[in-house]
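Student: Have a look at this one before I ask anything.
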Amino acid sequence: MAVNSVQTTPIEGQKPGTSGLRKQTRVFMQPAYLENYVQSIFEAIGGVMGKTLTLGGDGRYFNSQAIQTILKMAAANGAARVLVGQNGILSTPAASAVIRARKTDGGLILSASHNPAGEDGDFGLKYNIPAGGPAPEGITEAIYKRSSEIGEYRILEGAGEVDLSVCGETKLGGLAVEVIDPVAIYADLLRSLFDFGAIRDLFASGFTLRFDAMHAVTGPYAKAILEDELGAPAGSVVNATPLPDFGGGHPDPNPVYAKPLVDLMMGPDAPDFGAASDGDGDRNLILGRGVYVTPSDSLAVLTANARLAPGYAAGLKGVARSMPTSRAADRVAESLGINAFETPTGWKFFGTLLDAGLVTLCGEESAGTGSDHLREKDGLWAVLLWLNILARRRESVAAILQQHWRDYGRDYYTRHDYEGVDKDAAEALMADLRAGLAGLPEQSFAGLTVSAADDFAYTDPVDGSTTTGQGLRVFFQENARAVFRLSGTGTVGATLRVYLERFEDDPARLDGDPQVMLAEVVAAAGEIAGIAGRLGRDGPDVRT
Ligand code: G16
Numbered sequence: 003m004a005v006n007s008v009q010t011t012p013i014e015g016q017k018p019g020t021s022g023l024r025k026q027t028r029v030f031m032q033p034a035y036l037e038n039y040v041q042s043i044f045e046a047i048g049g050v051m052g053k054t055l056t057l058g059g060d061g062r063y064f065n066s067q068a069i070q071t072i073l074k075m076a077a078a079n080g081a082a083r084v085l086v087g088q089n090g091i092l093s094t095p096a097a098s099a100v101i102r103a104r105k106t107d108g109g110l111i112l113s114a115s116h117n118p119a120g121e122d123g124d125f126g127l128k129y130n131i132p133a134g135g136p137a138p139e140g141i142t143e144a145i146y147k148r149s150s151e152i153g154e155y156r157i158l159e160g161a162g163e164v165d166l167s168v169c170g171e172t173k174l175g176g177l178a179v180e181v182i183d184p185v186a187i188y189a190d191l192l193r194s195l196f197d198f199g200a201i202r203d204l205f206a207s208g209f210t211l212r213f214d215a216m217h218a219v220t221g222p223y224a225k226a227i228l229e230d231e232l233g234a235p236a237g238s239v240v241n242a243t244p245l246p247d248f249g250g251g252h253p254d255p256n257p258v259y260a261k262p263l264v265d266l267m268m269g270p271d272a273p274d275f276g277a278a279s280d281g282d283g284d285r286n287l288i289l290g291r292g293v294y295v296t297p298s299d300s301l302a303v304l305t306a307n308a309r310l311a312p313g314y315a316a317g318l319k320g321v322a323r324s325m326p327t328s329r330a331a332d333r334v335a336e337s338l339g340i341n342a343f344e345t346p347t348g349w350k351f352f353g354t355l356l357d358a359g360l361v362t363l364c365g366e367e368s369a370g371t372g373s374d375h376l377r378e379k380d381g382l383w384a385v386l387l388w389l390n391i392l393a394r395r396r397e398s399v400a401a402i403l404q405q406h407w408r409d410y411g412r413d414y415y416t417r418h419d420y421e422g423v424d425k426d427a428a429e430a431l432m433a434d435l436r437a438g439l440a441g442l443p444e445q446s447f448a449g450l451t452v453s454a455a456d457d458f459a460y461t462d463p464v465d466g467s468t469t470t471g472q473g474l475r476v477f478f479q480e481n482a483r484a485v486f487r488l489s490g491t492g493t494v495g496a497t498l499r500v501y502l503e504r505f506e507d508d509p510a511r512l513d514g515d516p517q518v519m520l521a522e523v524v525a526a527a528g529e530i531a532g533i534a535g536r537l538g539r540d541g542p543d544v545r546t
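Residue 3 is where the sequence shown starts when you use our numbering, and the numbers rise one by one after that.
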């Protein structure tokens with residue numbers, strides 16, 4: 003075995019998006035693409051000489067090959083130890099748990115999250131810092147800068163593949179490769195937060211569950227925790243075997259891509275509780291019999307009820323949500339007298355607030371919820387917190403939600419996605435909208451009058467860093483809001499996201515259909531941005 007310094011040239015476009023670098027799998031498989039990016043990460047964090055890293059991914063196509071390459075590069079760059087999930091698998095929350103529990107010098111997570119997998123799908127790679135969370139913008143910018151200057155990468159030559167199928171330690175040159183159980187550390191952490199006894203009693207009383215792992219990484223975690231440990235009936239976890247192409251599906255847990263689960267929950271044979279997670283296990287979808295809980299409402303309900311779980315019994319320090327997430331959690335925070343923060347989209351923006359002890363729970367409309375137990379959002383954690391609350395309240399999901407709306411009012415909410423649209427057209431739409439923002443106040447659209455409009459900017463209250471251009475907000479006098487943003491996680495064309503909400507506290511109007519209750523806001527947003535004409539689309543591809 004020898005360390006080989008391979009001459010290379012910069013590859014354009016290695017710019018991390020909302021959450022790491024995501025590209026089509028074939029792009030990642032091009033010669034030197036992965037190697038350039040990994041070397042850029044190593045150099046941007048000051049090298050890995052003598053360091054310990056965590057490594058794992060969601061098991062999608064190219065995961066195994068990429069892991070072997072990264073191990074050889076870590077060895078060649080002088081890393082002391084890499085903790086790698088068995089067979090190269092670690093869900094994103096489990097990777098965060100390992101980084102924190104074993105105090106590694108950060109980690110590399112291989113995933114394109116909810117994006118489809120396979121040779122014709124997507125692949126991704128991100129670096130998480132030693133606190134366990136996604137690298138903040140200062141580091142991702144340094145990685146990108148490095149990738150545009152790179153002249154060589156280092157890799158171990160003459161080494162065979164490391165066997166990752168058995169837990170234990172092996173050597174790769176001077177590097178210790180420690181293959182770890184992907185579930186154990188993570189399950190220990192969850193056990194410390196929730197009343198597993200109460201949840202076990204709930205299942206023993208006949209409570210029924212369907213968890214759809216969507217053939218992605220959470221299957222083994224969900225089976226071990228929900229079925230084997232908590233006693234959910236065998237078969238409660240479906241699509242539990244992770245497949246390299248996620249079974250050809252789109253593991254984004256929303257009402258469109260998790261339609262079979264939603265149909266079951268809305269039908270006569272619905273179990274008491276339904277949930278799903280995404281490709282890498284950090285997102286969640288929550289359903290009750292006959293009811294879909296929006297991620298924004300889920301965050302609010304969890305904030306209001308978290309004290310029922312032992313890990314949060316002492317109360318919450320605060321709650322943070324991304325800007326496009328509805329204001330439902332803010333109302334709960336106000337009534338509890340705790341902090342509430344509004345951050346840009348991207349879990350990385352919660353890191354400083356969590357590290358500083360300013361917030362305990364965080365959530366995003368994009369189906370992410372989590373707490374200070376990790377620095378990633380955590381799909382199974384959200385499911386267990388809901389189960390813990392249900393085990394203590396012994397009411398249905400629908401009853402809990404309705405009571406919540408009676409107590410706090412309801413933020414009707416929907417997100418409309420226009421996927422795979424022409425990039426230039428989408429960028430021009432946003433540019434024109436941005437240019438016209440100042441002229442919007444006092445104008446009326448579809449019966450609603452604009453009260454204010456801006457381009458969201460954020461100054462981190464802990465480290466003072468500033469981020470601009472994070473989404474265009476239009477507020478209406480009628481207690482409604484529309485937000486426009488381009489997705490930062492797609493790989494083809496552009497995806498326009500339009501986030502729509504309206505607050506209602508009339509007790510007689512709390513049970514409406516969001517698409518009906520928001521029809522005026524949808525129409526106003528369409529008019530303001532000229533969506534149909536400019537994008538040539540009659541309607542969105544996804545309504546969450
Ligand atoms: C990532 C980020 C989230 C973000 C989401 C949506 O999630 O970690 O914080 O809300 O992308 O991003 P966008 O609207 O830019 O597509 P994940 O689950 O894809 O890692």
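No residue lacks a Cβ here, since even glycine has one placed at the ideal position from N, Cα and C. Since we're looking at a predicted model, the values are computed, not measured.
With DSSP as the reference, please indicate the residues paired to aspartate 419 in a beta bridge.
Tutor: For this step, residue 419 is matched to residue 417 along the sequence shown. Answer by DSSP bridge pairing, in chain order: Arg499, Val544.
Student: Name, in chain order, the residues that DSSP records as bridge partners for aspartate 457.
Tutor: Residue mapping note: residue 457 aligns to position 455 of the sequence shown, counting from 1. In DSSP, aspartate 457 forms a bridge with Leu474.
Student: Our contact map puts proline 516 next to tyrosine 414 with C-beta atoms below 8 Å; I'd like the distance itself, whole angstroms only.
Tutor: On the sequence shown, position 514 is the one that residue 516 refers to. On the sequence shown, position 412 is the one that residue 414 refers to. Their Cβ separation, rounded to whole angstroms, is 5 Å, which keeps proline 516 and tyrosine 414 in contact under 8 Å.
Student: Using a threshold of 8 Å, state whether the C-beta atoms of threonine 546 and asparagine 256 are closer than that.
Tutor: Along the sequence shown, one-based indexing puts residue 546 at 544. Along the sequence shown, one-based indexing puts residue 256 at 254. In contact: threonine 546 and asparagine 256 (Cβ atoms closer than 8 Å).
Student: Please classify glycine 313: is it buried, with 16 or more other beta-carbons within 10 angstroms of its beta-carbon, or exposed?
Tutor: As a first step, residue 313 is located in the sequence shown; it is residue number 311 there, counting from the start. Result: buried.
Student: Could you name the residues that DSSP lists as bridge partners for leucine 158?
Tutor: Mapped onto the sequence shown, residue 158 falls at position 156. Paired residues: Val5.
Student: List the endpoints of the continuous alpha helix (DSSP H) containing tyrosine 410.
Tutor: Counted from its first residue, the sequence shown places residue 410 at position 408. Its alpha helix (DSSP H) spans residues 399-410.
Student: Going by the DSSP bridge assignment, what does cysteine 364 pair with across the sheet?
Tutor: Taking the sequence shown and counting its residues from 1, one reaches residue 364 at position 362. Paired residues: Ala322, Gly372.
Student: So leucine 211 packs on alanine 77, CB below 8 Å; how close in whole Å?
Tutor: Within the sequence shown, numbered from 1, the residue matching residue 211 stands at position 209. Within the sequence shown, numbered from 1, the residue matching residue 77 stands at position 75. The pair is not a contact, with the Cβ atoms about 43 Å apart (cut-off 8 Å).
Student: Put glutamine 479 into one of helix, strand or coil per three-state DSSP.
Tutor: Locating residue 479 in the sequence shown gives position 477, counting from the first residue. Here glutamine 479 sits in coil by DSSP.
Student: Just to confirm, are glycine 109 and leucine 55 a CB contact at a threshold of 8 Å?
Tutor: Position 107 of the sequence shown, counted from the start, is the residue given in the question as residue 109. Position 53 of the sequence shown, counted from the start, is the residue given in the question as residue 55. Closer than 8 Å, so yes.
Student: For glycine 61, count neighbouring C-beta atoms within 10 Å of its own C-beta (all shown protein chains included) and say buried if the count is 16 or more, exposed if not.
Tutor: Walking along the sequence shown from the start, residue 61 turns up at place 59. Looking at its Cβ environment, which holds 16 or more other Cβ atoms inside 10 Å, glycine 61 is buried.
Student: Can you give me the Cβ contacts of alanine 97 inside the same chain, cut-off strictly under 6 Å, excluding the 5 residues immediately before and after it?
Tutor: Position 95 of the sequence shown holds residue 97. If we look at alanine 97 and ignore the five residues flanking it on each side, its Cβ neighbours are Thr56, Gly58, Gly109, Ile111.
Student: Using only the heavy atoms of the ligand G16, determine whether one of them is closer than 7 Å to the beta carbon of histidine 116.
Tutor: The sequence position of residue 116 within the sequence shown is 114, counting from 1. Indeed, a heavy atom of the ligand G16 lies less than 7 Å from the Cβ.
Student: Taking Cβ to Cβ, would you say glutamate 429 is nearer than 8 Å to aspartate 543?
Tutor: One-based indexing of the sequence shown puts residue 429 at position 427. One-based indexing of the sequence shown puts residue 543 at position 541. It is not a contact, given that the beta carbons lie outside the stated cut-off.
Student: For serine 324, count neighbouring C-beta atoms within 10 Å of its own C-beta (all shown protein chains included) and say buried if the count is 16 or more, exposed if not.
Tutor: Start at 1 with the first residue of the sequence shown, and residue 324 comes out as number 322. Serine 324 should be labelled buried.
Student: With three or more C-beta pairs closer than 8 Å as the rule, is the region 80-90 touching the region 113-120?
Tutor: The region 113-120 is not in contact with the region 80-90.
Student: Within 8 Å, do at least three Cβ pairs link the region 265-278 to the region 346-363?
Tutor: With a cut-off of 8 Å, the region 265-278 and the region 346-363 do not count as touching, because too few Cβ pairs lie within range.
Student: What separation, rounded to the nearest whole angstrom, lies between the Cα atoms of glutamine 405 and valine 303?
Tutor: Position 403 of the sequence shown, counted from the start, is the residue given in the question as residue 405. Position 301 of the sequence shown, counted from the start, is the residue given in the question as residue 303. Cα to Cα, glutamine 405 sits roughly 10 Å from valine 303.
Student: Tell me which residues share the same chain as valine 258 and place their Cβ nearer than 7 Å to its Cβ, disregarding the 5 neighbours each side in the sequence.
Tutor: Residue mapping note: residue 258 aligns to position 256 of the sequence shown, counting from 1. Val544.
Student: Which runs of the beta strand (DSSP E) at least 3 residues long sit entirely within the region 170-242? Give them in chain order.
Tutor: Within the region 170-242, the complete beta strand (DSSP E) runs of at least 3 residues are 170-174, 177-182, 211-214.
Student: Put asparagine 79 into one of helix, strand or coil per three-state DSSP.
Tutor: Looking up residue 79 in the sequence shown gives position 77. Asparagine 79 falls in the coil class under three-state DSSP.
Student: Quickly, what does DSSP pair valine 84 with across the bridge? List them, please.
Tutor: Start at 1 with the first residue of the sequence shown, and residue 84 comes out as number 82. Its beta-bridge partners are Leu55, Val179.
Student: Do the CB positions of leucine 318 and leucine 338 come within less than 8 Å of each other?
Tutor: Taking the sequence shown and counting its residues from 1, the one referred to as residue 318 is at position 316. Taking the sequence shown and counting its residues from 1, the one referred to as residue 338 is at position 336. Taking 8 Å as the Cβ cut-off, leucine 318 and leucine 338 qualify as a contacting pair.
Student: Is any heavy atom in the ligand G16 found nearer than 7 Å to the beta carbon of aspartate 183?
Tutor: Stepping through the sequence shown from its first residue, residue 183 is reached at position 181. No, the ligand G16 has no heavy atom inside 7 Å of this Cβ.
Student: Nearest-angstrom Cα distance between valine 179 and aspartate 124?
Tutor: For this step, residue 179 is matched to residue 177 along the sequence shown. For this step, residue 124 is matched to residue 122 along the sequence shown. Going by the C-alpha atoms only, they are around 27 Å apart.
Student: At the level of alpha carbons, what is the spacing between leucine 36 and glutamate 45?
Tutor: As a working mapping, residue 36 is identified with position 34 in the sequence shown. As a working mapping, residue 45 is identified with position 43 in the sequence shown. Going from the Cα of leucine 36 to the Cα of glutamate 45 covers about 14 Å.
Student: If we count Cβ pairs, one from each stretch, closer than 8 Å, do we get three or more for the region 393-408 versus the region 239-249?
Tutor: The answer is no - the region 239-249 does not touch the region 393-408, with fewer than three Cβ pairs under 8 Å.
Student: Considering Cα atoms alone, identify which of Ser446, Ser467, Gln445, Gly473 is closest to phenylalanine 458.
Tutor: For this step, residue 458 is matched to residue 456 along the sequence shown. Out of Ser446, Ser467, Gln445, Gly473, Gly473 has the C-alpha closest to the C-alpha of phenylalanine 458.
Student: Does the ligand G16 have a heavy atom nearer than 7 Å to the CB of arginine 499?
Tutor: Here the question's residue 499 lines up with position 497 in the sequence shown. Checking every heavy atom of the ligand G16 against the Cβ of arginine 499, one is found closer than 7 Å.
Student: Does the beta-carbon of arginine 62, which I'm using as the reference point, lie nearer than 7 Å to any heavy atom of the ligand G16?
Tutor: Looking up residue 62 in the sequence shown gives position 60. Result no, Cβ not under 7 Å from the ligand G16.
Student: Does the Cβ of serine 467 have 16 or more other Cβ atoms within 10 Å, making it buried, or fewer, making it exposed?
Tutor: Within the sequence shown, residue 467 is the residue found at index 465, counting from 1. Per the 10 Å Cβ criterion, exposed.
Student: State the start and end residues of the unbroken alpha helix (DSSP H) segment that holds tyrosine 259.
Tutor: Stepping through the sequence shown from its first residue, residue 259 is reached at position 257. Where tyrosine 259 is concerned, there is no enclosing alpha helix (DSSP H), given that its DSSP letter is neither H nor E.
Student: Taking only heavy atoms of the ligand ATP into account, decide whether any of them is closer than 7 Å to the Cβ of glutamate 429.
Tutor: For the ligand ATP, the structure offers nothing, since it holds only the ligand G16.
Student: How should glutamine 16 be labelled, buried or exposed, when 16 other C-beta atoms within 10 angstroms of its C-beta is the threshold for buried?
Tutor: Against the sequence shown, residue 16 aligns to sequence position 14. It counts as buried.
Student: Are the Cβ atoms of asparagine 286 and alanine 369 separated by less than 8 Å?
Tutor: Reading the sequence shown from its first residue, position 284 is the one you call residue 286. Reading the sequence shown from its first residue, position 367 is the one you call residue 369. Contact flag set, yes.
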